[in-house]
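Below you'll find the structure, written out as structure tokens, and then a few comments.
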Amino acid sequence: MNASPLQLNPTPRTLRHSMFTVALFICTAAALVLSGCGQFNPRSATGFRLPDGDAAAGKQAFVDLRCYTCHKIDGVTEKFEGTGAANILLGGETTRVRNYGELVTSIINPSHRIAPRYPRDPTALGGESLMEIAALNNVMTVQQLVDLVAFLQASYRVVPPDVTPYSYRYPY
-16 MNASPLQLNP
-6 TPRTLRHSMF
4 TVALFICTAA
14 ALVLSGCGQF
24 NPRSATGFRL
34 PDGDAAAGKQ
44 AFVDLRCYTC
54 HKIDGVTEKF
64 EGTGAANILL
74 GGETTRVRNY
84 GELVTSIINP
94 SHRIAPRYPR
104 DPTALGGESL
114 MEIAALNNVM
124 TVQQLVDLVA
134 FLQASYRVVP
144 PDVTPYSYRY
154 PY
């Protein structure tokens, strides 16, 4: 038998080195696994979901809450034409789906993201801030909120983006 002495009877130093390597590997693997867990962000909406709403009731809430003051949706706001200062279009064809969290945030905190077409002077209507008129958190019920989100989600139609084919090939 031609076996190496290290294979049959490892020295204590070799054992310590092997154990250190294994321990280092286990600690590194554990650190990588745990780094992906528990991403704690107190402002995160992960896991937050309101109950499903009724789109028909959401359409009525859109009218009752006078959302047409700043927004328009095809098939809903035609009878209110000319009543709004901004007329930001909602719904219709889009290449990007508005998710639940984005819609809830846009309703309860309209200043979070302001549309480019929104007037830069928010005091354009009788010296009163339009954003304050739109912030209906004091009068809107939770049921109206979930119904409004259901209505808005149903008003978007996702279409594939236009792809422009190149008429020439890049040189390699």
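Following the working numbering, the numbering of the sequence shown begins with -16 at its first residue and continues without gaps.
Built from N, CA and C at the ideal position, the CB exists for glycine as well.
Would residue i be called buried (16 or more neighbouring beta carbons within 10 Å of its own) or exposed?
| i | result |
| --- | --- |
| P34 | exposed |
| V5 | exposed |
| T106 | Caution applies to T106, whose pLDDT of 46 falls short of 50 and renders its modelled position unreliable; the model cannot decide the point. |
| C10 | exposed |
| L135 | buried |
| L86 | buried |
| P157 | Past the edges of the chain, shown from -16 to 155, lies residue 157, and the structure says nothing about it. |
| D130 | buried |
| H0 | exposed |
| T(-3) | exposed |
| L119 | buried |
With distance defined between alpha-carbon atoms, name the residue in the options nearest to residue i.
| i | options | result |
| --- | --- | --- |
| A137 | G74, D47, L128 and L48 | G74 |
| A39 | K55, V59, T52 and I71 | V59 |
| C50 | E76, R32 and S89 | S89 |
| I71 | A133, K55, G41 and V16 | K55 |
| T180 | A12, V142, L7 and G36 | The requested residue 180 does not occur in the structure, where the chain is confined to residues -16 to 155. |
| E76 | V122, L119 and R140 | R140 |
| Y83 | V132, F3, T52 and L7 | V132 |
Report the three-state DSSP secondary structure of residue i (helix, strand or coil).
| i | result |
| --- | --- |
| T78 | coil |
| I9 | helix |
| T106 | In this prediction, T106 scores a pLDDT of 46, lower than 50, which makes its location untrustworthy; the coordinate-derived value is nonetheless stated afterwards. Three-state DSSP puts T106 in coil, outside helix and strand. |
| V132 | helix |
| L72 | strand |
| V122 | coil |
| V146 | coil |
| V141 | strand |
Starting from residue i and walking both ways along the alpha helix (DSSP H), at which residues does that stretch end?
| i | result |
| --- | --- |
| G83 | The residue you asked about is not Gly; residue 83 is Tyr in the sequence shown. Residues Y83 to I91. |
| G41 | A38 to D47 |
My guess is that residue i and residue j are in contact by the Cβ rule of under 8 Å, so how many angstroms apart are they, rounded?
| i | j | result |
| --- | --- | --- |
| A14 | Q127 | Rounded, the Cβ-Cβ distance is 47 Å, inconsistent with contact. |
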